[in-house]
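Q: Have a look at this one.
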Amino acid sequence: MAVIKEMMKLALIVIVIGLPPYLVALKAFQEELSFKIKILLSIIYWAGTFYTQQALPFILIIIILIKKYKNQKSSEEFLGEIQGEKKFSFKDFIIVAGATILIRFPIGIFNIIYIFILDLLGVKIQGQEVINIFVNSQNKLFSILLMLLVVVVAPLNEEFSMRHWLFGKILSPKIGIILGAIISSSLFTLLHYNVAGIPTFFILGLFACYIYQKKGLWGAVTVHFIFNLSSIIFLFIAKSLIPLA
């Protein structure tokens, strides 16, 4: 049963994170690559995605962004291609970052109450897997790589797939912003596969959808980046205060 759950979890991550950039890349490079090359690269991509989960989609997204940038005559046109009509300046970054830090406090309180209720109901609570690995790791290099995964790779991957592609390009135009935000945030929550963090992931997803509507992809990435960075900083502080056995 445990093996089946892990396989289902892996399949969900691979499809949700890997499929959107793959489809975007197929469209972006459809006239530049032969059919045989597309097949070969597809095999490499999906095999690598099953093995690394986040690494190959991240690299592909970077390649897509570079291609889009090269196809534009200026950086302003590039930002317009990615952002649409939504501008995102350094001032916007500061505002979104500040709002994210402020919103994580009520989210945290709500999640603590939720966990307390689960405990009263006798529900067994397990910490998020990546947090457990980070807290228990004694390897500094591994901790740094894990931090980069959480702070840089995951925000770009998940916001590109969940907010920019699924919410912004697929759901919102067809079923509306509100229902699109609920569905994409629910899938975002399911993606993290952690019962204890359901309120946090769902509310964060809704907030990221709101920011995406106002400030585009880079606004949503900023939300995710700041939220995860603040979590990592807290874990670093907590880890330094925990005595080693």
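In this note's numbering, the protein residues as written are 1151 to 1395.
Glycine is no exception: its CB is placed at the ideal position from the N, C-alpha and C atoms.
Identify the continuous alpha helix (DSSP H) that holds W1196 and give its terminal residues.
A: From DSSP, the alpha helix (DSSP H) with W1196 extends over 1185 to 1202.
Q: Report yes if the C-beta distance between S1380 and I1251 is below 8 Å; otherwise report no.
A: Going by C-beta atoms, S1380 is nearer than 8 Å to I1251.
Q: In whole angstroms, what is the alpha-carbon distance linking A1331 and L1270?
A: C-alpha separation (whole angstroms): 31 Å.
Q: Tell me whether G1326 sits in a helix, a strand or coil according to DSSP, three-state version.
A: Note: G1326 maps to coil in three-state DSSP.
Q: Do you know how far the Cα of F1386 is from the Cα of I1392?
A: Confidence at I1392 is low in this model, with a pLDDT of 47, below 50, so the placement of that residue should be treated as unreliable; the coordinate-derived value is given next. Near 10 Å, if we compare the C-alpha coordinates of F1386 and I1392.
Q: So what's V1273 in DSSP terms, helix, strand or just coil?
A: Coil, per DSSP.
Q: Expressed to the nearest angstrom, what Euclidean distance is found between the alpha-carbon atoms of A1247 and V1373?
A: If you take the alpha carbons of A1247 and V1373, they lie about 6 Å apart.
Q: Helix or strand or just coil, what does DSSP make of Y1264?
A: Looking at Y1264 - three-state DSSP - the assignment turns out to be helix.
Q: Taking a contact to mean a Cβ-Cβ separation below 8 Å, would you say I1167 touches S1311 in this structure?
A: Contact flag set, yes.
Q: Just the Cα atoms here: how many angstroms apart are Q1358 and P1256?
A: Note on residue identity: the sequence assigns Ala, not Gln, to residue 1358. Distance between the alpha carbons of A1358 and P1256: 16 Å.
Q: Would the beta-carbon of A1346 fall within 8 Å of that of I1265?
A: Yes.
Q: Quick one: using the 10 Å Cβ neighbour count with 16 as the cut-off for buried, is L1190 buried or exposed?
A: Classification for L1190: exposed.
Q: Relative to the C-alpha of L1160, which residue among P1171, L1173, Y1201 is closest?
A: The candidate whose alpha carbon is nearest that of L1160 is Y1201.
Q: Does DSSP put S1287 in a helix, a strand or coil?
A: Coil at S1287, not helix or strand.
Q: Spatial neighbours of T1339 within its chain, please: CB distance less than 7 Å, with the 5 preceding and 5 following residues excluded, ordered by chain position.
A: Excluding sequence neighbours, T1339 sits near I1348, F1351, F1352, G1355.
Q: Here's the rule I'm using: 16 or more other beta-carbon atoms within 10 Å means buried, otherwise exposed. How should A1197 be labelled?
A: So A1197 counts as exposed.
Q: Would you mind sorting V1300 into buried or exposed? The rule is 16 or more other CB atoms within 10 Å of its CB.
A: With 16 or more other Cβ atoms within 10 Å, it is buried.
Q: Are I1216 and A1178 closer than 8 Å when you measure CB to CB?
A: Not in contact: I1216 and A1178 (Cβ atoms no closer than 8 Å).
Q: Tell me the DSSP secondary structure of E1309 in three-state form.
A: Looking at E1309 - three-state DSSP - the assignment turns out to be helix.
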